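Below: one structure, written as structure tokens.
In the working numbering, the protein residues as written are 21 to 184.
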């Protein structure tokens, strides 16, 4: 994809990374996807908030944990996005899961995209598309209200013009 200007970075949600490697495009079956992702990482366009790394460490597969550790440069330290994330959390209280046992990365994912003028990549769907949503706002809802582009992992592949 090229529109003449600098290409926007992507801010990845934990869901996209987990589903990429565990469900849709496992590294051992789709090494070409991993190679394309590596190019985006090298270009500084495949990013994630530090809390995404923390979530991967807590709930990721062994393979994803190893991959995240090997690609630690893509994870932006929490302090760099903290103020913006707190602003988003305050504006959209319904984004937080009241039953969450630890700090969630959602607001940080959105904050990173907002700060870098990037695109959020998430597998989440808006609250209106859920049968019984456990909260009022999900990542796509907040992105829509803030005017931040939000796409799925497949959307990223299409946006980049990847074909395999």
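Beta carbons: idealized from backbone N, C-alpha and C, even for Gly.
All values reported here derive from a predicted model rather than from experimental measurement.
Could you check whether residue j and residue i sit closer than 8 Å to each other, using their CB atoms as the reference points?
| i | j | result |
| --- | --- | --- |
| residue 140 | residue 43 | no |
| residue 69 | residue 108 | no |
| residue 162 | residue 128 | no |
| residue 125 | residue 72 | yes |
| residue 173 | residue 36 | yes |
| residue 85 | residue 134 | no |
| residue 65 | residue 39 | no |
| residue 34 | residue 75 | yes |
For residue i, report the span of its alpha helix (DSSP H) as first-last.
| i | result |
| --- | --- |
| residue 35 | 34-39 |
| residue 194 | Outside the modelled stretch of the chain, which goes from 21 to 184, sits residue 194, for which no answer is possible. |
What are the partner residues of residue i, as DSSP defines its beta bridges?
| i | result |
| --- | --- |
| residue 92 | Partner(s): none; residue 92 has no beta bridge. |
| residue 170 | 140 |
Just to check my reading of the structure: residue i and residue j have Cβ atoms closer than 8 Å, yes? What is that Cβ distance to the nearest angstrom?
| i | j | result |
| --- | --- | --- |
| residue 155 | residue 114 | 5 Å |
| residue 47 | residue 54 | 5 Å |
| residue 105 | residue 131 | 4 Å |
| residue 142 | residue 170 | 6 Å |
| residue 81 | residue 111 | About 33 Å; that fails the 8 Å criterion. |
| residue 138 | residue 29 | 4 Å |
Uninterrupted beta strand (DSSP E) stretches inside the segment 95-156 (no shorter than 3 residues): 139-141
Completely contained alpha helix (DSSP H) runs for the segment 30-87, where each covers 4 or more residues: 34-39, 51-62, 70-79
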